[in-house]
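The structure appears right after this line, and notes come after that.
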Amino acid sequence: MKKFLKEFELNIGSAFYAVTFVLAVINVITRYFFSFTFFWAEEVAVGCFVWVIFLGFSYSYRTDKLIGISALVDLFHGKVHDVLAIITNLIVLVISTIMFYFSWQYIVNMTKITAALELPYQLIYTSILVAFLLICIYSCIKAYKLVKKAKSEDKVSETTPNKEG
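Under the UniProt record's numbering, think of the first position of the sequence shown as 1, with each following residue one higher.
Here it is, written out as structure tokens:
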């Protein structure tokens, strides 16, 4: 259970991806061999794929796999790297909070329903809300750990005797 929770974005995203894949394969087979398709399959597959994308986005941020962020921070070393990492996480927190707010507003005010199943689009677009909420949480955790690490390194450097003197 701990392993599932540790990588829950991957596990849930994999389930959504499996549904997407299975529905696509079934629709291809039924179209090719039986000349019909399930009218709702594309709708479900697209909805699941949207969830895969946004869960993957939050997982990529949590595991530092977003190339734009890590490429910038990894250009520097030492204290500059740590300060830049803290600033970057705080910027991501601000942007994610804004995106969470606007996603919330968008979803709460949405009245559209899907064409085939007549389900509320909120089921699909909640993935955006979940992703930005997770990124907000991960940004706070990362910034806290980086600040804690920087403080502990400062304490170690204060207690370490200076070799020059």
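Ideal Cβ placement from N, Cα and C applies to all residues, glycine included.
The straight-line gap separating the alpha-carbon atoms of residue 102 and residue 134 is approximately 15 Å. Here the C-alpha atom of residue 60 lies approximately 16 Å from the C-alpha atom of residue 73. As computed with DSSP, residue 86 is found in no beta bridge at all. In the DSSP assignment, residue 113 is bridged to 120.
Per DSSP, the unbroken alpha helix (DSSP H) holding residue 55 starts and ends at 41-62. Rounded to whole angstroms, the separation of the alpha carbons of residue 35 and residue 41 is 15 Å. Assignment of residue 100 by DSSP, reduced to helix, strand and coil, places it in the helix class. Under the three-pair Cβ rule at 8 Å, the stretch 88-95 does not count as touching the stretch 120-128.
Taking a contact to require three or more Cβ pairs closer than 8 Å, the stretch 133-147 and the stretch 57-71 qualify as touching. Straight across, the Cα-Cα distance linking residue 55 with residue 106 is about 19 Å.
By a beta-carbon distance limit of 8 Å, residue 132 contacts residue 96. Their separation comes to about 5 Å. When the alpha-carbon of residue 39 is set against those of 115, 9 and 77, the nearest one is in 115.
An exposed status is given to residue 18, since fewer than 16 other beta-carbon atoms sit within 10 Å of its beta-carbon. Residue 53 and residue 148 have their alpha carbons spaced roughly 32 Å apart. With a 10 Å radius around the Cβ and a threshold of 16 neighbouring Cβ atoms, residue 45 comes out buried.
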